[in-house]
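S.K.: Read top to bottom, the protein sequences are chains W and A. The first sequence begins at 1 in the working numbering and counts up one residue at a time. The second sequence begins at 1001 in the working numbering and counts up one residue at a time. To start, I am sharing the structure in question, which I have written as structure tokens.
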Amino acid sequence: MRIDILPLLCALRRNPTGAVLVVLQIAITLAVLVNAAWIVNQRIAQIEQPTGLDTPDTFGMIVGAASSEFNVQQAEAEDLAYLRSLPGVAAAAMTGGIPLTSQGAMGATLWPRPGRGGEAEGTNFLNASGNLLQTLDVPLIAGRDFRPDEIRTPVPGKGAQPPAEIILTQALAQALFPGENALGRAVYTADSYPLTVVGITRNFMDAVGVSGGPLYHAALIPFAPGQRSYYALLVRAQPGRRDAVLRAARQHIGASHPDGVIASLETFSSAKRAFDADNRNMAVLLAVVTALLVIVCCLGIFGLATFNVGTRTRQIGIRRAVGARRRDVVTHFLVENAIILAAGTLLGSLLGLAVGDWLSARYGLPRLDLAYLVGGIAGLWVVGQLAAWQPARKAATVPPSVATRTV
Amino acid sequence: MIGYYVRLALKSFRRTPGLTALMACAIACGIAACIVTLTVYHTLSGNPIWWKNGVLYAVTMDSWDPKSPYDPAQPGLAPDQLTYQDATYLFDSDIPRHKALLTLIGGALSGAPGQSIPAIAFTDATTAGFFHMFDVPFEYGGPWSAAADRGPDPVIVLSRNENDELFGGADSVGRSILWNDQRFRIVGVLDHWRPEPKFYSLSGGGTGDFGGTTDAFVPFRWDVTQRHWPAGTFGCWGSSPTNTYRELLGSECVWVTLWVELPTAGQRRRFLDFMNAYWAHQRANGRFQRPRNNHLWKVSQWLKMHHVVSDDSRLLLRLAFAFLAVCLINTVGILLAKFLRGAPVSGIRRALGASRRQLFEQHLVEVALLSLGGSSLGVALGALGLQGVHAMYAGSEAGYGAAAHFDVQGILWALALAALSTLVAGVYPAWRIGRVSPAAYLKSQ
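What follows is the structure in structure tokens.
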């Protein structure tokens, strides 16, 4: 089967406008398709980043004072005792905020050497007054949890006693002391106040959106209960029991404090979902718009092919009359479409790479993976040829007798 | 002649219904995508108080740690809030026409009829000038007077939502309510007011920039009188202790926002001089050890500086324009094909005496009609798309759902874009067909 390229090229040269327009469409579509797929892939990767916590089973509740009569210490103790006795609860602890949300979030900067020596690392931190690691279900990789004597209560008349110990996540420990063992070392606050690292945990996400630096930078600091006018209760339920436990806890705690009130209640799952919302929405919007774009491009290819078939009816008839088979006619149009697709994808690849470069420079994204480019070209080829299939088939039905007509 | 052209155009549409539908749909899709992203972008990056952009200013001074900047990612930036001493001192100046101190505190409202448990209320402790400066609408009553600020008088303004919850939406002005256990008199209830974004106070406090609303407003001095610790974002540096409330007031912790209204350049200059003089005096006393960074921020600059609009919406905007470009190229191609197919008829018209211009007009009318049809469809699709976006963003912490409402300005923008773009797309084909030489088409093939 011979494929005559030359007549095709001549035909294109005589009336290039339609073809040029379709080439432009294909180029823009490919550039967008490849980069959009790349961005969507990254967003999905961000969503799939593990929290390091027991997300499906844990929830947090912040209880605050509704009047000055609120006895925080007593309320905290009562609530913890109640929660720990509630069936279906695996662990409960009191802290200052709810991880994965910005509520009660605290951030700080730490240095590996006094006098702000070394590279500063921003981090979130959680106040721990006992049982926090068990409740968060975060295991210790090295070292130990805080001892009861390290959780110092305020001395009457002298105010709060500053903490002297700290527990870091592995990511934070690695950032502060790259390649070394952070256990037993001291990290320093902005005022060169030392905190001894007594434990290193597996990575987990604390507050999001609060200036604390990279995602898995988190720390625990010993903090005795009763020092603020509010407290956060974290509860990890046994698998499948979270909703029942949440209902019971909300009802009991909400009713048991006449001077206190539940300020907020949030499960880790809904917090993570909200946190992912931006990425998820962006991925959806990108996917939808890109899909529409590909459809419009295919419509353009279809339109051009139909037009070509329409204007060349007589030529097709003549060719059939001198012996071309139906198959040859179909091939003719598919090959013409292939030439346009080739030009379009070539231009589109250049455009796509340029756009990818610009995106990574402007928005700090990683460089475009060439696999996406190859995949995009292949995909567009398939749908592009499919779009031209029906007009090509229709062209094959032109009877040879058309050649003999003069009208 | 226009009527004749319109009839011709309609006949031409009916002759190739499939192709016409195709073009209209392609235009509609492109327009719809642009409408959705433009509206979302416009609302998200929009300045909700744009009519006062040259008049309202946020005041910042860099009282932060000399050894490291407030935000390491933007070292030239001062903290967005002031310390208590700086804010109250600058507030006492009578150069600005209106001025407002602002800080977020926690509160509990109780004592409303039928209320069994207290309601947590995010409260902005502010001054009377706040309501005038930000054109805050009232449903009942109004703001308190400047004298009430001095008292401070136990007066409170409720948000519409809070009033709905506590009093069923009735006129509660004059009634009393317990705020943090103290009896306050309600002097005003706000109407619907959710400036998107919540630019006047970027302090999160768990509510975020979008969708978080303040439930109540009280005079600023109550914060001090009741010794409330700030409930919003606040930052401290330095080794001076901040264990007692007194120490907090004298500390370098930043937790108060100051807004001033300075309509003329002269006033701005005078206020800046006033700030600089204060800065110099304090520096001589050992404070303000960082380089001088006294700044007055317009709302639009304030929003931009705090990156309130994400990069994502800009990216989507560019994508939408690429999409529109492809749709328009598509339309040009199809129109060209269609007109060229009708070239013989146009040739006969030319032979019968139609001028080039008349042919051009005829085809332009056809394009205009197509543009009208496609744009209307596009606007309808766009409205549908916005509903979808609303559903997608509703309930997210960002609260974009409320932000993406279809306002009149957005509709006009979209229609203008649609009409203009399809007309532009149709000009080339119409012009091409006008240049048809009649003789070629009068011959039989």
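For every residue, glycine included, the Cβ atom is placed at its ideal position computed from N, Cα and C. Treat the numbers as computed from the prediction; the structure is a model and nothing was measured.
Check whether the Cβ atoms of A395 of chain W and I318 of chain W sit closer than 8 Å, and answer yes or no.
M.R.: No, Cβ-Cβ distance for A395 of chain W and I318 of chain W is not below 8 Å.
S.K.: Given a threshold of 16 other Cβ atoms within 10 Å of its Cβ, counted over all protein chains shown, does R320 of chain W qualify as buried or as exposed?
M.R.: Buried is the call here.
S.K.: Any C-beta of chain A sitting closer than 8 Å to the C-beta of T397 of chain W?
M.R.: no
S.K.: Residues of the stretch 106–138 of chain W with a CB closer than 8 Å to any CB of chain A: list them in chain order, please.
M.R.: T109, R116, A120, G122
S.K.: Taking Cβ positions only, does D278 of chain W come closer than 8 Å to chain A?
M.R.: yes
S.K.: From the DSSP output, which residues share a beta bridge with G107 of chain W?
M.R.: W:N124
S.K.: Anything in chain A within Cβ reach of L350 of chain W, meaning under 8 Å, just list it in chain order.
M.R.: Listed along chain A, no residue sits closer than 8 Å to L350 of chain W by beta-carbon distance, the nearest being about 15 Å off.
S.K.: List the residues of chain W whose Cβ lies closer than 8 Å to the Cβ of D1215 of chain A, in chain order.
M.R.: Result: empty, since nearest Cβ-Cβ is about 12 Å, beyond 8 Å.
S.K.: In whole angstroms, what is the alpha-carbon distance linking L215 of chain W and M205 of chain W?
M.R.: 6 Å
S.K.: Quick one: what does DSSP say H257 of chain W is sitting in, helix, strand or coil?
M.R.: coil
S.K.: Closest Cβ-Cβ distance between M282 of chain W and chain A: below 8 Å?
M.R.: Yes, its Cβ sits closer than 8 Å to a Cβ of chain A.
S.K.: Can you list, in chain order, the residues of its chain with a C-beta nearer than 8 Å to that of K272 of chain W? Leave out the 5 residues immediately preceding and following it.
M.R.: T51, T55, L100
S.K.: Starting from I1120 of chain A, find everything on chain B with Cβ-Cβ shorter than 9 Å and list it in chain order.
M.R.: Going by chain labels, chain B is absent from the structure shown, which instead holds the protein chains W and A.
S.K.: Given a limit of 8 Å on CB to CB distance, which residues of the stretch 34–60 of chain W reach chain A?
M.R.: A36, I39
S.K.: When the Cα atoms are used, what is the spatial distance from P1079 of chain A to G1286 of chain A?
M.R.: Using only the alpha carbons, I get a separation of about 19 Å.
S.K.: Are the CB atoms of A1351 of chain A and L1442 of chain A nearer to each other than 8 Å?
M.R.: yes
S.K.: According to DSSP, simplified to helix, strand and coil, what is E1397 of chain A?
M.R.: The predicted model places E1397 of chain A with a pLDDT of 37, which falls under 50 and marks its position as unreliable; any figure quoted below should be read in that light. Note: E1397 of chain A maps to coil in three-state DSSP.
S.K.: Got a sec: which bits of the stretch 302–325 of chain W sit with their beta carbon under 9 Å from any beta carbon on chain A, in order along the chain?
M.R.: F302, G303, L304, T306, F307, N308, G310, T311, R314
S.K.: Residues of the stretch 335–361 of chain W with a CB closer than 7 Å to any CB of chain A: list them in chain order, please.
M.R.: Flagged: no residues at all.
S.K.: Tell me whether T1207 of chain A is buried or exposed, calling it buried when 16 or more other Cβ atoms sit within 10 Å of its Cβ.
M.R.: Low local confidence applies: a pLDDT of 35 at T1207 of chain A is under 50, so the model's placement there is unreliable, and no value is given.
S.K.: Taking the C-alpha atoms as reference points, what is the distance between G1250 of chain A and Q1085 of chain A?
M.R.: When rounded, the separation of the alpha-carbon atoms in G1250 of chain A and Q1085 of chain A is 7 Å.
S.K.: To the nearest angstrom, how far is it from the Cα of A1421 of chain A to the Cα of A1325 of chain A?
M.R.: Ala is not the amino acid found at residue 1421 of chain A; the sequence shown has Ser there. Using only the alpha carbons, I get a separation of about 9 Å.
S.K.: I200 of chain W and L176 of chain W - do their beta-carbons sit closer together than 8 Å?
M.R.: No; because the gap between Cβ atoms is not below 8 Å, this pair is not in contact.
S.K.: From G1168 of chain A to A1391 of chain A, what does the alpha carbon distance come to, in whole angstroms?
M.R.: 27 Å
S.K.: What did DSSP end up calling P399 of chain W once you bin it into helix, strand or coil?
M.R.: coil
S.K.: Tell whether a beta-carbon distance below 8 Å holds between A248 of chain W and L126 of chain W.
M.R.: no
S.K.: Taking the alpha-carbon positions, what's the L1178 of chain A to I262 of chain W distance?
M.R.: 18 Å
S.K.: Does any residue of chain A have a CB that is nearer than 8 Å to the CB of L285 of chain W?
M.R.: Answer yes: the Cβ-Cβ gap between L285 of chain W and chain A drops below 8 Å somewhere.
S.K.: How long is the line joining the alpha carbons of A90 of chain W and P139 of chain W, rounded to whole angstroms?
M.R.: 15 Å
S.K.: Label K1067 of chain A either buried or exposed according to how many other C-beta atoms from any shown protein chain fall within 10 Å of its C-beta, with 16 as the threshold for buried.
M.R.: With fewer than 16 other Cβ atoms within 10 Å, it is exposed.
S.K.: Over what stretch of residues does the beta strand (DSSP E) that includes H1295 of chain A continue unbroken?
M.R.: 1295–1298
S.K.: Among W:R362, W:V309, W:T331, which has the Cα closest to the Cα of G18 of chain W?
M.R.: W:V309
S.K.: Straight-line CA distance for D1312 of chain A to P1113 of chain A?
M.R.: 46 Å
S.K.: When you compare the stretch 142–152 of chain W with the stretch 188–203 of chain W, are there three or more beta-carbon pairs, one atom per stretch, that lie closer than 8 Å?
M.R.: yes
S.K.: How big is the Cα-Cα spacing for G1204 of chain A and I98 of chain W?
M.R.: Only weak support exists for where G1204 of chain A lies, its pLDDT of 47 falling under 50; the value from the coordinates is given anyway. Approximately 15 Å, taken between the alpha carbons.
S.K.: G64 of chain W and G1106 of chain A - do their beta-carbons sit closer together than 8 Å?
M.R.: yes
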